[in-house]
Every structure is written in C-alpha cells, then in structure tokens.
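Peer 1: Dropping a structure here in structure tokens format, bear with me for questions.
Numbering (the working numbering), first residue to last: -16 to 307.
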C-alpha cells in the first residue's frame, strides 16, 4: 500500500552506476568532445551502451537491513525490499534488465512494485519498459516524462535519442515534492532546481538514512552537465548544497556515478564546483572568450583529484563557461 503527500499539485497518475569500479560511466568513455568538433561518422552509441550493459555484472552492496546499492553499466541503482514489494531507484539500460531482475530475485521474493527515475537520461531510464513489464510502476518528476516522451539529443556526446516506448514512461509524476510510505520507511522525493538537467530529483529513505542524489553528483571525477536540457553550473552547486543540508555525518549518499559516498566527499565535490565556477566567471567577466578561458586552465588546482573521467578538465571548463 502506498500513501502520498505532494506539495502544490497532487500527483498525476496517467495510467501505465557508474561501472562497478567507480569510474566514468562506460557509455561516456571516449565520447565527450569539445563543442563544435563532432566526429565525421559518429558510432551507434546507443547500441554500444546496450551491448556493454548486456555483459556487465551487477554488484550488490547492503546499505541497511532492507536497502541495497546495485551497480552495473548504467547509473547507480538502489533497492528497498519488504512486504509492500520492491522499490527500485533507476533502471540502467534495457539490456541490463535480465541481470537486474536476477539481482533483485537474489534479494528475496517480494514482487516488483515501485520504480523511481532520478532524471531522464538513457543510462538511468532505458530499462524502464522491461521493469514495468516485471510489475514496477514508474515514478518520476513531470519533466522526466516530458523529456522521455519525445526525441532528444545529448549534444556533448553527439547522440540522438528516440522517444521512449509507452511502457517506459513514468505513470506517476509530480512537480515539486512527494512522499510515499513503503516497507516501513518514509521515502521523500524532491525536485532540484535545474542542475545536471531540468528533471533531477533526490530520493531520501528516512529510517534507512540513505540518500540517492542521481547525477547531481559524479563521485570522483568532473561531471557531465546537460546544458541542452537545462543543466548549469549554478544549479549543480545549489543542488549539492541542498543535498548537504539533508545529509548527516552517517548518511549513505548514492551518487549517479562513482562509488558510494559520504557527506564529507559531497562537500569536497561542491567546493570543487564552486571553485571552478568562480575562476571561470572571473575570466568571462574580464572579457575572455570560451577558448581563452579554457586555455587559462581554471581547473588546474583540482585536476589531480577530479580529472579522471571522459569529461576532461577542458571539456568541463567549457561547460562551466557556457552555463554561467
């Protein structure tokens, strides 16, 4: 049984991880290129992602009595088990669904019940249809449904994405805030202002003290910010601060990509974002072009820790410049 509280507008019911090693998501490796430098013959990246997901194992880590972290080829997932049925956060790629279902089965015979999408990106939602067929009802922010309902593009990776199939669309959506009571815990869903995208939410399991923040946090490397769907550096900083205001010293924080994190690690991420933002903003205010600002190496002091993914220091600095 699910009970809900939603601010401003009642929810609309419409009827229907990084790789385990904790590095940049596999679909991003080698794909991010500076704006305007598209490859002559882009590969079929959706096929590449799905092929990788089909062969990537799912790692399960227990976080609480009935809460687990699942990590595979796509974004980090989490599952809560219990008599109300399984609650799953994010769905990875469609080809990962058999492995996800196998991992879920290993956590008990509770049926699939609720699937929550942290945002619209394919590495977090492509498995929606298959998991819906397995009994999950899909919850998300209203903009996630809107984004998934139509073709879209990830310009940084030169990827054109088709609309999601009907069975992969969220059917319970909210605008700002929502709470459900599930398996003896209060589960809060709240929308961030546009940050990584304009669809981002966090999910906080109060009793378990587990906080899933989706892709507003890439733990251990420079983040991808999807400027094409509202993402911006200021929003990323604000979202990090909002997550920090919720987390306590013992909160287990699940990033969209990378290893399970702590409040102290999220604080370091926020401080890096703000430091790069401030340096790029000063260069831009002084009249530097994007290329000139990037050439000044505004990330230099942070690179030893954060320049470890396919969103390189120069690519990240360019994103910051464009989204100030």
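Ideal Cβ positions, reconstructed from N, Cα and C, are used throughout, including at glycine.
For residue 46 and residue 257, what's the separation of their Cα atoms in angstroms?
Peer 2: Each residue's Cα considered, the two are about 30 Å apart.
Peer 1: Please report how far the alpha carbon of residue 271 lies from the alpha carbon of residue 281, in whole angstroms.
Peer 2: 12 Å
Peer 1: Nearest-angstrom Cα distance between residue 229 and residue 201?
Peer 2: 18 Å
Peer 1: Within 10 Å of its beta-carbon, does residue 69 have 16 or more other beta-carbons around it, so buried, or fewer, so exposed?
Peer 2: That one is buried.
Peer 1: Under 7 Å Cβ to Cβ from residue 130, same chain only, skipping five residues before and after it: list those, please.
Peer 2: 103, 182, 212
Peer 1: To which residues of the same chain is residue 216 closer than 6 Å at the C-beta, ignoring the five residues directly before and after it?
Peer 2: 260, 303, 306
Peer 1: Just the C-alpha distance for residue 192 and residue 275, rounded to the nearest angstrom, thanks.
Peer 2: 44 Å
Peer 1: Per DSSP, what are the beta-bridge partners of residue 143 in this structure?
Peer 2: 136
Peer 1: Indicate the three-state DSSP secondary structure (helix, strand or coil) for residue 208 in the structure shown.
Peer 2: coil
Peer 1: DSSP puts residue 164 in a beta bridge; with which residues?
Peer 2: 169
Peer 1: Any chance the region 93 to 100 sits against the region 114 to 126, with 3 or more Cβ pairs inside 8 Å?
Peer 2: yes
Peer 1: For residue 198, name the three-state secondary structure that DSSP assigns.
Peer 2: Residue 198: strand per DSSP, three-state reduction.
Peer 1: Taking all protein chains shown into account, decide if residue 112 is buried (16 or more other Cβ within 10 angstroms of its Cβ) or exposed.
Peer 2: Result: buried.
Peer 1: Return yes when the Cβ of residue 290 is within less than 8 Å of the Cβ of residue 205, no when it is not.
Peer 2: Cβ atoms of residue 205 and residue 290: closer than 8 Å.
Peer 1: Measuring CB to CB, does residue 178 end up less than 8 Å from residue 126?
Peer 2: No; because the gap between Cβ atoms is not below 8 Å, this pair is not in contact.
Peer 1: Return the bridge partner residues of residue 327 from the DSSP annotation.
Peer 2: Residue 327 lies beyond the stretch modelled for the chain, which goes from -16 to 307, so this question has no answer here.
Peer 1: On the DSSP bridge list, what partners appear for residue 71?
Peer 2: 62, 98
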